Amino acid sequence: MIKSKRIFLLVLCSVILLMTLSGSASARFEYYEEEIKVGDGYQINNYVIDVTDVFLSDKLAVFKVYKNGADKPIYDDMIGINDTLNFDLENGEVDLKLLSVGSGVLNRVNVLITVKNVDIYLTEIVNGGHEYATYSGTPVIELTKTVDESNIMVDDIITVTVTAKNTGDDKATNVIFSDPKQEHFILDKSILEQTGPMSLDIGASQTVFVYMLKATEAGIFTLKSSTATFSNRANQAFPQALSTTPTVTVTAPEIPEVPKKNAVLELSTDVDSMNVKRNDQITATISIKNTGDAPASAVWIEMVIPQDLEYVSGDSTIEVIGGVPKIYMGSFGVQQEKEFTYTVKASELGTYTLTTKLSYEYDNGVDAESQKVSTESVTGNVYVQKGKYDALLEQPIYVYVLPIIAIIAIGAWIFHRHKQYKF
């Protein structure tokens with residue numbers, strides 16, 4: 017019975033020790049030892065600690081903490097040497113310890129600041145205190161998509177313009193724009209394409225896309241939204257912005273019947289995300305539709321995978337031939353449409369595009385020889401950024417080694433004691 021109690025106590029102590037080591041490894045601390053003059057402040061994110069008074073004879077100092085440039089402080093306290101001012105900051109804590117006071121043209125203090133469980137994106141001395149600090153805010157990107165004509169005929173060309181304006185209270189950074197392919201139209205000419213990354217100051221406007229579309233069929237069509245992803249000056253990401261969606265009415269002209277037939281295979285390639293983490297998978301969808309009036313034959317689809325992207329898997333119709341994923345279809349009927357999906361893995365940081373090549377043949381009903389067509393589609397830029405667990409590789413090795421050594425040592429000691437009591 018005594019032996020069992022001792023083993024239980026040893027195991028309990030081991031668990032407590034491991035919890036302590038694990039807690040110390042996961043706790044997040046930032047330390048700053050700074051000298052601050054009276055009238056100046058020290059900024060941490062959107063908080064500023066002002067030094068308002070220093071009493072040399074009494075070795076006291078008055079500190080006030082302001083949030084986002086407010087007129088009234090959220091903390092106001094006078095402390096002595098080795099005393100500590102503690103206050104909450106976002107979801108964490110800040111401890112300010114007064115180390116010493118000094119004289120000069122302006123009296124000054126030397127402080128030790130400890131920050132716990134706070135995502136730090138800005139720390140600096142602010143001359144003049146909180147009134148002169150720069151605070152991060154909320155950028156708002158307004159995207160406007162317009163067309164020069166909203167009523168056209170089939171085969172007419174319209175000009176599409178996309179502009180962006182920052183109507184928020186902070187600079188937009190790392191702004192990335194994208195514009196989808198428009199169904200029922202084909203791209204006739206691209207005049208301007210600024211996908212980014214770029215920045216947009218408060219109140220600033222920028223034209224990001226100008227291109228010309230040719231209408232391919234009659235109907236009333238709403239153009240798809242352009243998108244923008246962005247952050248503020250503190251690198252805080254915000255929800256994706258969507259553009260307005262103008263409507264275009266396309267009328268079919270009365271034209272004589274064309275004796276020749278055509279197989280027109282429309283091809284598009286889209287990805288499920290334009291921004292992914294390293295080692296994440298990207299799913300691409302290939303859409304093909306025969307909008308012509310003749311069936312196609314000998315249809316080949318080839319997926320061009322960039323270097324540093326790895327083909328993982330795809331639909332059962334995809335075969336890897338000579339290291340290249342391909343699809344072959346003997347025929348493709350009128351108005352037939354299909355979708356194929358495949359996945360790739362991003363192993364390196366960078367910007368990539370996925371290209372799909374299409375080739376086919378068809379009989380136009382007049383000429384003796386088959387007509388041969390080749391085309392391709394390219395996705396927008398895919399940005400591969402640092403992975404979720406990349407930061408673990410940057411941790412000191414002792415963060416992982418010490419708990420393992422402790423477990424081995426405690427286990428060996430328990431085994432040794434167990435053998436002693438066994439005899």
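Just so you know, we're using our numbering here: the sequence shown kicks off at 17 and counts up by one. Don't be surprised by glycine CBs; every beta carbon is placed ideally from N, CA and C. Keep in mind that this is a model prediction, so the values were computed, not measured.
- Listed in chain order, the beta strand (DSSP E) runs fully inside the stretch 220 to 256 are 221 to 231, 235 to 238, 243 to 247, counting runs of at least 3 residues.
- According to DSSP, residue 297 shares a beta bridge with 361.
- With a minimum length of 3 residues, the unbroken runs of beta strand (DSSP E) contained wholly in the stretch 138 to 184 fall at 139 to 142, 157 to 163, 167 to 169, 173 to 182.
- A distance below 6 Å between beta-carbons, with the five flanking residues on each side excluded, links residue 213 to the following residues of its chain, in chain order: 190, 192.
- Around the Cβ of residue 59, a 10 Å sphere holds 16 or more other Cβ atoms; the residue is buried.
- Beta-bridge partners assigned by DSSP to residue 304: 283, 354.
- Taking C-beta atoms under 8 Å as the contact rule, residue 304 and residue 230 fail to qualify, at a distance of about 20 Å.
- Assignment of residue 72 by DSSP, reduced to helix, strand and coil, places it in the coil class.
- Following the DSSP letters along the chain, one finds residue 115 inside the beta strand (DSSP E) bounded by residues 108 to 118.
- Of the other Cβ atoms in all chains shown, 16 or more fall within 10 Å of the Cβ of residue 182; this residue is therefore buried.
- The Cβ-Cβ distance between residue 287 and residue 299 falls below 8 Å.
- Annotated three-state conformation of residue 343 is strand, per DSSP.
- Where residue 57 is concerned, the enclosing beta strand (DSSP E) starts and stops at 57 to 60.
- Within the same chain, 343, 374 come within 6 Å of residue 317 by CB-CB distance, once the 5 residues on both sides are set aside.
- With fewer than 16 other Cβ atoms from the protein chains shown falling within 10 Å of its own Cβ, residue 133 counts as exposed.
- Secondary structure note for residue 216: its beta strand (DSSP E) is the uninterrupted segment 214 to 216.
- Taking C-beta separations shorter than 8 Å and ignoring five residues to either side along the sequence, the partners of residue 357 in its chain run 299, 300, 301, 302, 330, 331, following chain order.
- Rounded to the nearest angstrom, the Cβ distance from residue 207 to residue 226 is 4 Å, consistent with a contact under 8 Å.
- The beta carbons of residue 57 and residue 127 sit no closer together than 8 Å.
- The C-alpha of residue 340 is placed about 12 Å away from the C-alpha of residue 328.
- A Cβ-Cβ distance of about 23 Å is found for the pair residue 248 and residue 145, leaving them out of contact under the 8 Å criterion.
- Counting the other Cβ atoms within 10 Å of the Cβ of residue 259 gives 16 or more, which makes it buried.
- Rounded to the nearest whole angstrom, the CA to CA distance from residue 257 to residue 241 is 9 Å.
- Taking 8 Å as the cut-off, the Cβ atoms of residue 221 and residue 188 do not count as close.
- Excluding five sequence positions before and after residue 307, the CB atoms of its chain that fall closer than 6 Å to its own CB belong to 280, 282, given in chain order.
- Selection 106, 402, 124 evaluated against residue 76 yields 124 as nearest (Cα-Cα).
- The beta carbon of residue 140 sits closer than 6 Å to those of 59, all from its chain and outside the five residues before and after it, given in chain order.
- Taking the CA atoms as reference points, residue 195 sits about 8 Å from residue 396.
- Setting aside the 5 residues that flank it on each side, residue 171 is surrounded in the same chain by 230, 231, each with a C-beta closer than 7 Å to its C-beta; the list follows chain order.
- When C-alpha distances from residue 199 are compared across 239, 184, 103, the shortest belongs to 239.
- Around the beta carbon of residue 120, a 10 Å sphere encloses fewer than 16 other beta carbons of the protein chains shown; the residue is thus reported as exposed.
- CA-CA distance, residue 197 to residue 147, rounds to 48 Å.
- The secondary-structure analysis by DSSP pairs residue 98 with nothing; it has no beta-bridge partner.
- Residue state for residue 427 is assigned as helix, using DSSP reduced to three classes.
- When only Cα atoms are considered, residue 167 and residue 209 end up about 25 Å apart.
- One Cα belongs to residue 367, the other to residue 297, and the distance between them is close to 14 Å.
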